[in-house]
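A short worksheet on the structure shown next.
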Amino acid sequence: MLSDIEIAQNAKMKHIRDVAASIGIAEDDLEFYGKYKAKIASELWGKVKDNENGKLILVTAINPTPAGEGKTTTTIGLGDALTNMGKKCVLALREPSLGPVMGIKGGAAGGGYSQVVPMEDINLHFTGDMHAITAANNLLSAMIDNHIHQGNALDIDVTNIVWKRVVDMNDRALRHVVVGMGGKVNGIPREDGFMITVASEVMAILCLANDLEDLKKRLGEIIIGYNRSGEPVKASDLKAQGAMAALLKDAIKPNLVQTLEYTPCFIHGGPFANIAHGCNSVQATKLAMKLSDYTITEAGFGADLGAEKFMDIKCRMAGISPDAVVIVATVRALKYNGGVKKTDLKEENVDALKKGIVNLEKHIKNMKSFGVPVVVAVNRFDTDSEEELNTVIERCHELGAECALSEVFAKGGEGGLDLAEKVISAVENQKADFKPAYDTDMSIKDKINEIVTKIYGGKGVNYTPKAQKQIARLEELGLDKKPVCMAKTQYSLSDNAKLLGRPENFEITVSNVRVSNGAGFIVVETGNIMVMPGLPKVPAADNIDVDADGKITGLF
Numbered sequence: 017m018l019s020d021i022e023i024a025q026n027a028k029m030k031h032i033r034d035v036a037a038s039i040g041i042a043e044d045d046l047e048f049y050g051k052y053k054a055k056i057a058s059e060l061w062g063k064v065k066d067n068e069n070g071k072l073i074l075v076t077a078i079n080p081t082p083a084g085e086g087k088t089t090t091t092i093g094l095g096d097a098l099t100n101m102g103k104k105c106v107l108a109l110r111e112p113s114l115g116p117v118m119g120i121k122g123g124a125a126g127g128g129y130s131q132v133v134p135m136e137d138i139n140l141h142f143t144g145d146m147h148a149i150t151a152a153n154n155l156l157s158a159m160i161d162n163h164i165h166q167g168n169a170l171d172i173d174v175t176n177i178v179w180k181r182v183v184d185m186n187d188r189a190l191r192h193v194v195v196g197m198g199g200k201v202n203g204i205p206r207e208d209g210f211m212i213t214v215a216s217e218v219m220a221i222l223c224l225a226n227d228l229e230d231l232k233k234r235l236g237e238i239i240i241g242y243n244r245s246g247e248p249v250k251a252s253d254l255k256a257q258g259a260m261a262a263l264l265k266d267a268i269k270p271n272l273v274q275t276l277e278y279t280p281c282f283i284h285g286g287p288f289a290n291i292a293h294g295c296n297s298v299q300a301t302k303l304a305m306k307l308s309d310y311t312i313t314e315a316g317f318g319a320d321l322g323a324e325k326f327m328d329i330k331c332r333m334a335g336i337s338p339d340a341v342v343i344v345a346t347v348r349a350l351k352y353n354g355g356v357k358k359t360d361l362k363e364e365n366v367d368a369l370k371k372g373i374v375n376l377e378k379h380i381k382n383m384k385s386f387g388v389p390v391v392v393a394v395n396r397f398d399t400d401s402e403e404e405l406n407t408v409i410e411r412c413h414e415l416g417a418e419c420a421l422s423e424v425f426a427k428g429g430e431g432g433l434d435l436a437e438k439v440i441s442a443v444e445n446q447k448a449d450f451k452p453a454y455d456t457d458m459s460i461k462d463k464i465n466e467i468v469t470k471i472y473g474g475k476g477v478n479y480t481p482k483a484q485k486q487i488a489r490l491e492e493l494g495l496d497k498k499p500v501c502m503a504k505t506q507y508s509l510s511d512n513a514k515l516l517g518r519p520e521n522f523e524i525t526v527s528n529v530r531v532s533n534g535a536g537f538i539v540v541e542t543g544n545i546m547v548m549p550g551l552p553k554v555p556a557a558d559n560i561d562v563d564a565d566g567k568i569t570g571l572f
């Protein structure tokens with residue numbers, strides 16, 4: 017079988033105007049980025065906002081393992097399957113970050129014969145959204161340090177600035193830095209640090225804003241730090257929101273591309289789910305719902321992270337809710353959760369599968385607790401035995417969830433027809449009764465406890481003295497009645513990446529609590545979570561190259 021990039025490069029794409037026309041978007045509502053990419057003009061929303069919403073399907077997964085689950089691939093394949101069945105379907109996905117593309121995870125454009133294209137463009141610079149977000153974030157950083165250098169009229173406490181610089185790359189050397197060195201002309205020396213762009217509050221704001229005016233208002237509400245009296249200082253105090261919004265005036269517009277089988281796909285925004293809220297933009301999702309019978313979207317990493325934040329943050333703020341949830345799992349990953357080494361996953365091991373399937377069971381239970389129908393997609397591998405596959409299917413049925421085998425990686429939409437049929441059946445025969453996991457009027461600690469005990473399955477929460485003080489201060493300032501965005505390892509239901517399966521009787525340790533005031537949520541950092549990842553010993557960048565004709569190799 018050809019590699020992902022070879023399949024993508026051999027694809028015969030339609031002009032993006034033809035893809036847009038298939039869902040009723042006129043050429044006048046497109047801003048072309050070459051033949052195969054376009055941004056959607058802001059005027060389109062006014063033309064379609066009164067359309068009836070199509071059904072919204074969320075695709076999530078079990079906790080990720082080195083064996084791979086294929087969540088984005090399944091999302092794309094499901095969309096193509098629905099299109100093949102004559103349904104008007106639109107995908108709504110996140111944009112890849114250069115960090116994982118050049119690091120260990122690779123790109124985020126699907127795989128095999130279920131991909132979005134042009135794959136190289138999407139995984140690299142695309143339409144420049146990531147760069148615009150990086151620039152807007154770092155403009156605010158520059159204005160903070162310039163204000164201090166120019167006399168500090170706002171009396172900003174240089175030891176209590178919470179705003180960080182960002183770069184869209186895994187660069188551990190930038191986690192902790194000192195800026196302003198080199199004498200008086202170069203500013204005031206202070207400790208600072210970098211996050212990866214997808215963890216920036218600017219990214220979260222872009223993904224949650226309804227329009228440009230809402231974006232500008234939210235940017236102004238960003239709390240950059242505190243003055244020496246302990247009062248918050250906002251971006252609007254620095255008069256930064258206008259220039260930041262100007263940098264983002266094009267980035268806020270959803271991007272339109274296509275799958276290998278010509279299903280339209282909006283790719284817009286890309287916050288990580290382990291350190292941010294993990295969902296594509298509200299604008300792209302709501303627009304897709306107005307233009308389709310079925311909108312298929314995804315949330316990052318496992319359902320304990322991305323799906324929980326989709327329900328409790330995105331749906332709450334956007335006024336939407338899913339009609340069904342698809343949980344992606346593999347026999348290989350479940351055996352890994354059952355204690356099988358990565359090197360032995362090809363061997364049949366029903367006992368280990370039964371031991372590791374508890375991870376899937378917890379995610380099914382969690383998604384059902386939100387009041388939505390659940391369908392499990394088993395991403396099939398050639399090494400899966402019939403007994404192993406039947407074991408998963410039978411257990412899903414016992415838990416009240418439909419289960420379908422998916423072969424979209426090898427067969428494209430054709431390999432997802434059974435999954436598509438079960439999703440349609442779930443939507444048509446089971447009425448969703450959506451409810452979030454907690455009430456935002458609860459205290460910060462109560463909201464955290466609800467997530468830890470109900471979603472993760474833990475017994476309680478420990479707080480560092482620093483986190484205790486931060487929570488108390490947010491409550492004093494009246495900034496506590498917001499959803500919480502848990503920053504936690506993606507590899508476990510707990511905050512310990514080594515605890516696989518369905519751990520019990522564990523406690524989560526909260527180390528840092530900060531408010532993303534413009535985005536509208538409270539970020540709760542647990543364990544040793546890092547907001548600036550590092551590259552592995554052998555990064556993916558080692559194998560990426562481009563020839564004299566501009567043909568890229570090594571992307572995956």
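Residue numbers (the numbering used here): 17 to 572.
All C-beta atoms in this analysis are idealised placements derived from N, C-alpha and C, irrespective of residue type, glycine included.
task: Flag this pair as yes or no: are the beta carbons of Ala-267 and Ala-125 separated by less than 8 angstroms?
output: No, Cβ-Cβ distance for Ala-267 and Ala-125 is not below 8 angstroms.
message: If contacts are defined as beta-carbon pairs under 8 angstroms, then Gly-432 and Val-443 qualify, I think. What distance do you get, rounded to the angstrom?
response: Contact doesn't hold; Cβ gap of about 15 angstroms is too wide.
- request: Quick one: give me the first and last residue of the beta strand (DSSP E) that Gln-131 is part of.
  value: Segment 130-133, the beta strand (DSSP E) holding Gln-131.
- prompt: If we call anything under 8 angstroms between Cβ atoms a contact, is Ala-535 one with Ala-220?
  reply: Annotated as proximal: Ala-535 and Ala-220, with beta-carbon spacing under 8 angstroms.
task: On the DSSP bridge assignment, give the partners of Gln-274 in chain order.
output: Answer is Val-133 and Pro-280.
Whether Val-439 touches Val-391 by CB criterion (8 angstroms): Cβ distance < 8 angstroms, so Val-439 and Val-391 count as in contact.
task: Verify whether the separation of the beta carbon atoms of Ser-113 and Val-183 is less than 8 angstroms.
output: Against a cut-off of 8 angstroms, the Cβ pair of Val-183 and Ser-113 comes out as no contact.
message: Please return the same chain residues whose Cβ sits closer than 6 angstroms to the Cβ of Ala-77, not counting the five positions on each side in sequence.
response: Once the five neighbours on either side are set aside, the close Cβ partners of Ala-77 are Glu-85, Lys-87, Gly-318 and Val-344.
- request: Report back the beta-carbon spacing between Ala-556 and Met-118 to the nearest angstrom; my notes put them in contact at under 8 angstroms.
  value: With 8 angstroms as the limit, Ala-556 and Met-118 qualify as a contact, their Cβ atoms being about 6 angstroms apart.
message: Measuring only the C-alpha atoms, how far is Val-174 from Lys-497?
response: Here the C-alpha atom of Val-174 lies approximately 27 angstroms from the C-alpha atom of Lys-497.
- prompt: Just the Cα atoms here: how many angstroms apart are Thr-399 and Thr-407?
  reply: Distance between the alpha carbons of Thr-399 and Thr-407: 15 angstroms.
field: Given 8 angstroms, three or more beta-carbon pairs between the segment 456-465 and the segment 487-496
entry: Below 8 angstroms, enough C-beta pairs join the segment 456-465 and the segment 487-496 to call them touching: three or more.
- request: Give the range of the alpha helix (DSSP H) segment to which Cys-223 is assigned.
  value: First-last of the alpha helix (DSSP H) with Cys-223: 217-224.
field: Delimiting residues of the alpha helix (DSSP H) encompassing Arg-191
entry: From DSSP, Arg-191 is part of no alpha helix (DSSP H); its letter is neither H nor E.
field: Cα-Cα separation between Ile-239 and Asn-168, rounded to whole angstroms
entry: Taking the straight line joining both Cα atoms gives about 16 angstroms.
task: Determine the burial state of His-192: buried for a count of at least 16 other Cβ atoms within 10 Å of its Cβ, exposed for fewer.
output: Result: exposed.
- prompt: Going by beta carbon distance, what residues of the same chain come within less than 7 angstroms of Glu-520, once the five residues before and after it are set aside?
  reply: So the list reads Gly-473, once near-sequence residues are dropped.
message: Check whether the segment 297-313 and the segment 30-41 touch, using three or more Cβ-Cβ pairs below 8 angstroms as the test.
response: The segment 297-313 is in contact with the segment 30-41.
query: Between the C-alpha atoms of Tyr-479 and Val-394, what's the straight-line distance to the nearest angstrom?
result: In this model, Tyr-479 and Val-394 are separated by some 38 angstroms (Cα to Cα).
- prompt: Three-state secondary structure (DSSP) at Asp-563?
  reply: DSSP places Asp-563 in coil when its eight states are reduced to three.
- prompt: What residue does the beta strand (DSSP E) around Leu-435 start on, and which one ends it?
  reply: That residue, Leu-435, is in no beta strand (DSSP E); its alpha helix (DSSP H) goes 433-445.
Residue environment, Ala-541, which counts as buried when at least 16 other CB atoms sit within 10 Å: A quick correction: the sequence has Glu, not Ala, at residue 541. Glu-541 comes out buried.
query: Using a Cβ-Cβ cut-off of 7 angstroms (strictly less than) and excluding sequence neighbours within five positions of Asp-561, which residues of its own chain qualify?
result: In its chain, beyond the 5 residues on either side, Thr-569 and Gly-570 have a beta carbon closer than 7 angstroms to the beta carbon of Asp-561.
field: Candidates Asn-271, Cys-295 and Ala-300, of which the one nearest Met-327 by Cα
entry: The residue among Asn-271, Cys-295 and Ala-300 with its C-alpha nearest the C-alpha of Met-327 is Cys-295.
field: Heavy atom of the ligand HEM within 7 angstroms of Ile-283 beta-carbon
entry: Among the ligands in the structure shown, none appear at all, so the ligand HEM cannot be discussed.
- request: Spell out the partners DSSP gives Pro-248 in its beta bridges.
  value: Beta-bridge pairing links Pro-248 to Tyr-242.
- prompt: Residue range of the alpha helix (DSSP H) that Tyr-352 falls in?
  reply: Segment 347-353, the alpha helix (DSSP H) holding Tyr-352.
- prompt: Grouping DSSP H, G and I as helix and E and B as strand, with all else coil, what is Leu-46?
  reply: The answer is strand: DSSP assigns Leu-46 an E or B state.
- prompt: How many angstroms separate the CA atom of Ala-262 from the CA atom of Ile-380?
  reply: Rounded to whole angstroms, Ala-262 to Ile-380 spans 43 angstroms at the Cα level.
field: 8 angstroms Cβ cutoff met for Val-178 and Arg-530
entry: Result yes, Cβ atoms of Val-178 and Arg-530 sit closer than 8 angstroms.
message: With a threshold of 6 angstroms on Cβ separation, who are the neighbours of Thr-301 within its own chain once the five nearest residues in sequence on each side are excluded?
response: So the qualifying residues of the chain are Ala-108 and Thr-313.
- prompt: Can you tell which of Ile-92, Pro-82, Asn-69 and Leu-46 has its C-alpha closest to the C-alpha of Ser-58?
  reply: The shortest C-alpha separation from Ser-58 is found at Leu-46.
Buried or exposed by the 16-neighbour rule on C-beta atoms within 10 Å, applied to Glu-79: The amino acid at residue 79 is misidentified as Glu; the sequence shows Asn. Buried is the call here.
query: Does the beta-carbon distance from Gly-133 to Leu-18 come in below 8 angstroms?
result: The question names Gly, yet the displayed sequence has Val at residue 133. Taking 8 angstroms as the Cβ cut-off, Val-133 and Leu-18 do not qualify as a contacting pair.
query: In its own chain, which residues sit with a C-beta less than 7 angstroms from the C-beta of Pro-116, not counting the 5 before and 5 after it?
result: Correct list, in chain order: Gly-122.
- prompt: Which value, in whole angstroms, describes the spacing of the CA atoms of Gly-416 and Arg-518?
  reply: Approximately 19 angstroms, taken between the alpha carbons.
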